[in-house]
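Novice:
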Amino acid sequence: MALSTLLISLLVTSVIIYFVSKASWRVGAILNFLIGIFLISYVFALHTGTTSDLGTLFGQKLQLTWTNASFYFSAVSLMVIVSVMLFAIKWLDSQKYPAAFNMFLLMMTAGSLGVFMAADLVTLYIFWEIAVLSSMLIVPMGKKESRKAAVIYAVMSASGTYMYLYGAFLAFQRYGTLNISEIAKQMVSDPSTGIKAAIFLLLASAGIAKSGIFPLHTWLRIAHGNAPDAFSAVLSGQLVKLGSYVLMVTVAVIPSLRVFANIPFYSGIPATNYFLIALGATSIIVGTLMAIKQDDMKMLIAFSSVANGGYILIGIGTMDPMGFEGGVLHVFNHALAAAVIFMAFASVVYRTHTKKISELGGLIHKMPITFLAYLFAIISLAGIPPMSGFISKWMIYQALVRKGMFITAFIAFFGSIGSFLYVFRPLAGVFLGQLPKKYKDVKEVSPVMWIPMMILVVISLIIGIWPFPVLQPIESMRADFGIAPMVKISDPDHWLIRGFAGNWNPVLVFNLFLIGFIIAYILYTMFPRSKKVDLLAPHKEEGTPINIYTGGEYIYTPELYHYNTKFYAGFERMYEKHPSWEKVLGMLAKFFHDLGEWVHGWFFRPSPSAYAFWVSLTILIVFWVRW
Amino acid sequence: MAAYKALFNLVVAFFLVLSLEGIARKIMARIQRRIGPPWYQNFIDLFKALSKHPFSNGWIFDFGVLMALGGALATAMIIPMGSITWTPFPNSDNFFVIMYLFAVGALGMAMGMVGSGNPWASIGVSRALTQMLGYELPYLIVMSSVIFFYKTASIHKLIELQRGGWNLLVMPLGGIVAFISLMGMLGKKPFDIMIAPAEIASGPMVELSGKYMGLLHIMHVFSVFVEISLFVDVFLGGGSFGWYLVKFVVVWVLAVMISSVLPRFRIEQMLKFYWGVPLGLAFLNALFVLLGWTL
Numbered sequence: 010m011a012l013s014t015l016l017i018s019l020l021v022t023s024v025i026i027y028f029v030s031k032a033s034w035r036v037g038a039i040l041n042f043l044i045g046i047f048l049i050s051y052v053f054a055l056h057t058g059t060t061s062d063l064g065t066l067f068g069q070k071l072q073l074t075w076t077n078a079s080f081y082f083s084a085v086s087l088m089v090i091v092s093v094m095l096f097a098i099k100w101l102d103s104q105k106y107p108a109a110f111n112m113f114l115l116m117m118t119a120g121s122l123g124v125f126m127a128a129d130l131v132t133l134y135i136f137w138e139i140a141v142l143s144s145m146l147i148v149p150m151g152k153k154e155s156r157k158a159a160v161i162y163a164v165m166s167a168s169g170t171y172m173y174l175y176g177a178f179l180a181f182q183r184y185g186t187l188n189i190s191e192i193a194k195q196m197v198s199d200p201s202t203g204i205k206a207a208i209f210l211l212l213a214s215a216g217i218a219k220s221g222i223f224p225l226h227t228w229l230r231i232a233h234g235n236a237p238d239a240f241s242a243v244l245s246g247q248l249v250k251l252g253s254y255v256l257m258v259t260v261a262v263i264p265s266l267r268v269f270a271n272i273p274f275y276s277g278i279p280a281t282n283y284f285l286i287a288l289g290a291t292s293i294i295v296g297t298l299m300a301i302k303q304d305d306m307k308m309l310i311a312f313s314s315v316a317n318g319g320y321i322l323i324g325i326g327t328m329d330p331m332g333f334e335g336g337v338l339h340v341f342n343h344a345l346a347a348a349v350i351f352m353a354f355a356s357v358v359y360r361t362h363t364k365k366i367s368e369l370g371g372l373i374h375k376m377p378i379t380f381l382a383y384l385f386a387i388i389s390l391a392g393i394p395p396m397s398g399f400i401s402k403w404m405i406y407q408a409l410v411r412k413g414m415f416i417t418a419f420i421a422f423f424g425s426i427g428s429f430l431y432v433f434r435p436l437a438g439v440f441l442g443q444l445p446k447k448y449k450d451v452k453e454v455s456p457v458m459w460i461p462m463m464i465l466v467v468i469s470l471i472i473g474i475w476p477f478p479v480l481q482p483i484e485s486m487r488a489d490f491g492i493a494p495m496v497k498i499s500d501p502d503h504w505l506i507r508g509f510a511g512n513w514n515p516v517l518v519f520n521l522f523l524i525g526f527i528i529a530y531i532l533y534t535m536f537p538r539s540k541k542v543d544l545l546a547p548h549k550e551e552g553t554p555i556n557i558y559t560g561g562e563y564i565y566t567p568e569l570y571h572y573n574t575k576f577y578a579g580f581e582r583m584y585e586k587h588p589s590w591e592k593v594l595g596m597l598a599k600f601f602h603d604l605g606e607w608v609h610g611w612f613f614r615p616s617p618s619a620y621a622f623w624v625s626l627t628i629l630i631v632f633w634v635r636w
Numbered sequence: 000m001a002a003y004k005a006l007f008n009l010v011v012a013f014f015l016v017l018s019l020e021g022i023a024r025k026i027m028a029r030i031q032r033r034i035g036p037p038w039y040q041n042f043i044d045l046f047k048a049l050s051k052h053p054f055s056n057g058w059i060f061d062f063g064v065l066m067a068l069g070g071a072l073a074t075a076m077i078i079p080m081g082s083i084t085w086t087p088f089p090n091s092d093n094f095f096v097i098m099y100l101f102a103v104g105a106l107g108m109a110m111g112m113v114g115s116g117n118p119w120a121s122i123g124v125s126r127a128l129t130q131m132l133g134y135e136l137p138y139l140i141v142m143s144s145v146i147f148f149y150k151t152a153s154i155h156k157l158i159e160l161q162r163g164g165w166n167l168l169v170m171p172l173g174g175i176v177a178f179i180s181l182m183g184m185l186g187k188k189p190f191d192i193m194i195a196p197a198e199i200a201s202g203p204m205v206e207l208s209g210k211y212m213g214l215l216h217i218m219h220v221f222s223v224f225v226e227i228s229l230f231v232d233v234f235l236g237g238g239s240f241g242w243y244l245v246k247f248v249v250v251w252v253l254a255v256m257i258s259s260v261l262p263r264f265r266i267e268q269m270l271k272f273y274w275g276v277p278l279g280l281a282f283l284n285a286l287f288v289l290l291g292w293t294l
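As given, the protein sequences belong to chains L and F, one line each in that order.
Its first residue numbered 10, the first sequence is counted upward by one per residue in my numbering.
Its first residue numbered 0, the second sequence is counted upward by one per residue in my numbering.
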């Protein structure tokens, strides 16, 4: 099947899925899942270099082609989407519009795949808009505030896309082609730095808006926080990665090191890339600090997506072999971790109907599998071995230290340690601690919902121990883009990952941890058995206390002893009065709103004489100009 | 061979640090004009704790303790002790790997202790993580400049490259900052905010009884070993195994002496302290390294 046929038939199928879902949404969801499985097998069977035409525009061929980058990004996306599709088979029964959800989810899949396949800027734009619009229509299916969230998402996204479109036409006007690789070739020989930089930044702005990089990051909190719970997994795990893809296209496919060789800024990195790196670093700071103080667990992880988008941008922006691979691998790691976290939250909300950390607690006693999925996902998100998240962070640090970028490295370290802080908040506040009495009858979610989470967790763990299956496609991608193709980072023959500053063996590190754990277990069994403290005793029978507690005190209302509000109060106090970018944007929005009101007030006076005046004036002008 | 070396690491760590902890109690007592317990007191305490019947607060409490001890053991096995001869895994002793593997133990402990359901434990963990944000940043900046300077993050190579002079003398600012950060890592006063027995009833340790107390004490022993060994290896050069032990003891005694005369910081004071002078000096050190102004 040609690529264009695939995409168009997917779009058509999505409409069919809608009507099937109208009859029975469960059949629709299962069909969606099967289509997803088919897509994964299709993606793995495709050969690089496959092209197919879509049509012509301005005498330019619109083309789809399959590259190593398309494979990598499509595979990651499909992993996330298919697991959410499986998750949705059960989860959708809590939703109001399951049929529309199924349709738009499939439509969005088609759009995203189209973006990764696009060989020219306009095709990319078309599929981009399909993905954005269909996802935008899913967002308002959430709670009350979701309508506003969808509008903010659309506006932010549009502000990026229109800049991108302008950049695309600027490139077309100057180079007479829309094909990305043609443009890349011509940009290298173009003498005018100003226009090149303009095209570069305009194209990148779509990625900045989409992956939630600093000036345009505010939609992530609102959209991720208010979208239907399982869809937040797709938003954060997959859709945001469209932005990372566009950033990669602008920075790496257009060989920015060669194009902007005449404006080096620091350590061989051109000023344009450095500008993007600075934006990424700002996002890390903003995302981390804001995530630490959120009470809404979904918004907390939304801000963490801002910070992780920053890591991806920093990694790719350095155009260093280590940094590039780290950034691209971070796409994979963050996609998996964020998807699992949001699915775990969706399970919690599915059972408890709240996403406020301060209202939850102790769910580990009721939902142990969801807890484990969340636990492993945050180990990956915080970049701790043996999960895969560590590998990409390690690579990004290598690049930053090699380039001597100490301030960026400082921010990256800050984001990394800060991530320990914020991922621990839902762990402590939602899953550990004391179970409030109102949740004493909560049950674990059905296997249909926890199996996809566990699959992603296991993949992330396996890649953390044996990362070479993912590193190799990235390495061939790097060779395509000509970023130091001689440097070999993954060395599967010796089980090593080679950095500029020393190697390490992920298998060995995992085994050491395993041995340490076994020794600990042996010690644990050698010594006397423990008596159990039943933390749920007060729930089982009214008036039973927990027996050992704070020096033997008897506790009858344990939920009062659950510490989950303002977890890092000591630290939060230090930046309470921080400047808020959301407020600045809010002021801007207010200004335009008032301007509109003012114009509106002029034209739409509630008196008939004003209407008569405007009508006669219009007629006069028409006569005068003689249209 | 590597396995024997790793095992040797564990044995050394256990006996060395546990005796040093006893010696620290003695030193502290003498500074405060008391007599103090005998140097082997901590061995007695540990085995007594391990032999008692404990209480467990659920499976995550047990799992957290195992994960904490497992992570600390794994990290202690990678650490080189002063030369390539005593480097169990020369291919994986990368600084960032050690730092992050070390975090597994910390996360396990935090998770298990919050799993006990006691609010003091949660407050203690919140303080511990905030403190981590404080001391890690100056430390990581200093380590980045060291790695940038020597073009390697492998600890045994860093030891070899210090033949010409100890790092403490090559970049004295970095050495000082690293030592201040080490104080925070060790949780010595004025940075014992997360334990603070008088305020939050020993924080994370509040619910520990019997063997859980013992196992986490062992974890603490290995953590101290990792933290001080990293400082000794990276800043105090290499040498024979004996020299390594001497340096280890000197660093420990110095830390104990400083801590026994200082009161405790509050959490904001700690953050402001670390993000003030030590962080500034760390950046200054990085700038000197970039400009090539090393001694």
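For glycine and all other residues, C-beta sits at the position ideal for the given N, C-alpha and C.
Since the model is a prediction, treat every value here as computed from it, not as a measurement.
Taking only runs that begin and end inside the segment 73–156 of chain L, name each unbroken alpha helix (DSSP H) of 4 or more residues, in chain order.
Specialist: Counting only runs of 4 or more, we get 77–100, 107–126, 130–147.
Novice: According to DSSP, is F224/F part of a helix, a strand, or is it coil?
Specialist: Correct three-state label for F224/F: helix.
Novice: If we ignore side chains and look at the alpha-carbon of each, how far apart do N512/L and Y570/L end up?
Specialist: Cα to Cα, the separation comes out at about 46 angstroms.
Novice: What residue from N188/L, N317/L, K157/L has the CA that sits closest to D62/L's CA?
Specialist: The candidate whose alpha carbon is nearest that of D62/L is N188/L.
Novice: Can you check DSSP and say which residues form a bridge with N93/F?
Specialist: Beta-bridge pairing links N93/F to S153/F.
Novice: If contact means a Cβ-Cβ distance below 8 angstroms, which residues of the segment 93–115 of chain L contact chain F?
Specialist: Under the 8 angstroms Cβ criterion, the segment 93–115 of chain L contributes no residue.
Novice: At the 8 angstroms Cβ level, is F354/L part of the contact set with chain F, yes or no?
Specialist: Output row for F354/L: interface = no.
Novice: Using a Cβ-Cβ distance cut-off of 8 angstroms, determine whether F14/F contacts chain C.
Specialist: The structure shown contains no chain C; its protein chains are L and F.
Novice: Chain F beta carbons: is any one of them nearer than 8 angstroms to that of I426/L?
Specialist: Chain F contact via Cβ: present.
Novice: Using the DSSP secondary-structure output, state which residues sit across from T57/L in a beta bridge.
Specialist: T57/L is not bridged to any residue.
Novice: Could one say the Cβ of Y310/F lies closer than 8 angstroms to chain L's Cβ atoms, at least one of them?
Specialist: Residue 310/F is absent from the model: chain F starts at 0 and stops at 294.
Novice: If you check the beta carbons only, do Y99/F and I393/L fall under 8 angstroms apart?
Specialist: Yes, Cβ-Cβ distance for Y99/F and I393/L is below 8 angstroms.
Novice: Between P482/L, N41/L, F519/L, I400/L, which has its C-alpha nearest A109/L's C-alpha?
Specialist: Comparing Cα positions, the closest option is N41/L.
Novice: Is the Cβ of I393/L closer than 8 angstroms to any Cβ of chain F?
Specialist: I393/L counts as touching chain F.
Novice: So Q247/L packs on A344/L, CB below 8 angstroms; how close in whole Å?
Specialist: Contact flag correct, Cβ pair sits at about 6 angstroms.
Novice: Please report how far the alpha carbon of F433/L lies from the alpha carbon of M142/F, in whole angstroms.
Specialist: Each residue's alpha carbon lies about 26 angstroms from the other.
Novice: Tell me whether the beta-carbon of W292/F lies closer than 8 angstroms to the beta-carbon of L235/F.
Specialist: Not in contact: W292/F and L235/F (Cβ atoms no closer than 8 angstroms).
Novice: Compare the Cα-Cα distances from E154/L to each of I325/L, A236/L, G289/L and report the closest residue.
Specialist: Nearest option by C-alpha distance: A236/L.
Novice: Could you tell me which residues DSSP puts in a beta bridge with N512/L?
Specialist: The partner list for N512/L (beta bridge, DSSP) reads R507/L.
Novice: Select from the segment 575–590 of chain L all residues with a C-beta closer than 7 angstroms to any C-beta belonging to chain F, and list them in chain order.
Specialist: Correct list: F576, Y577, G579, F580, R582, M583.
Novice: Helix or strand or just coil, what does DSSP make of Y565/L?
Specialist: Note: Y565/L maps to coil in three-state DSSP.
Novice: Anything in the segment 116–134 of chain F with a Cβ closer than 8 angstroms to a Cβ of chain L? List those residues in chain order, please.
Specialist: Those would be G116, N117, P118, W119, S121, I122, V124, S125, R126, L128, T129, M131, L132, in chain order.
Novice: Please report the straight-line C-alpha distance between A285/F and I140/F, rounded to a whole angstrom.
Specialist: About 7 angstroms.
Novice: Give the DSSP-derived three-state secondary structure of D62/L in the structure shown.
Specialist: Strand.
Novice: Using 8 angstroms as the threshold, is the segment 119–130 of chain F in touch with the segment 221–231 of chain F, meaning 3 or more CB pairs across them?
Specialist: Flag = no, the segment 119–130 of chain F and the segment 221–231 of chain F do not touch.
Novice: Could you name the residues of chain F that P567/L contacts, counting a contact when the two beta carbons are closer than 8 angstroms?
Specialist: Result: G116.
Novice: Bridge partners for Q69/L per DSSP, in chain order?
Specialist: In DSSP, Q69/L forms a bridge with L66/L.
Novice: Taking the Cβ atom as the reference point for each residue, do L470/L and M396/L lie within a distance shorter than 8 angstroms?
Specialist: In contact: L470/L and M396/L (Cβ atoms closer than 8 angstroms).
Novice: Starting from Y308/F, find everything on chain L with Cβ-Cβ shorter than 7 angstroms and list it in chain order.
Specialist: Nothing about residue 308/F can be reported from this structure: the residues present for chain F run from 0 to 294 only.
Novice: Could you compute how far the alpha carbon of G45/L sits from the alpha carbon of L71/L?
Specialist: Each residue's alpha carbon lies about 26 angstroms from the other.
Novice: If you draw a straight line from the alpha carbon of A437/L to that of W242/F, how long is it in whole angstroms?
Specialist: When rounded, the distance between both Cα atoms is 44 angstroms.
Novice: Using 8 angstroms for Cβ pairs, my map puts L338/L next to M404/L. What's the rounded Cβ distance?
Specialist: 7 angstroms between Cβ atoms; contact.
Novice: DSSP puts P273/L in a beta bridge; with which residues?
Specialist: Partner(s): P279/L.
Novice: Would you kindly work out how many angstroms separate the C-alpha atoms of V248/F and L19/F, rounded to a whole number?
Specialist: Spanning the two alpha carbons is a distance of roughly 8 angstroms.
Novice: Closer than 8 angstroms, Cβ to any Cβ of chain L: which residues of the segment 41–52 of chain F, in chain order?
Specialist: Against chain L - using a Cβ distance shorter than 8 angstroms - the residues of the segment 41–52 of chain F are L49, S50, K51, H52.
Novice: For F622/L, name the three-state secondary structure that DSSP assigns.
Specialist: Note: F622/L maps to helix in three-state DSSP.
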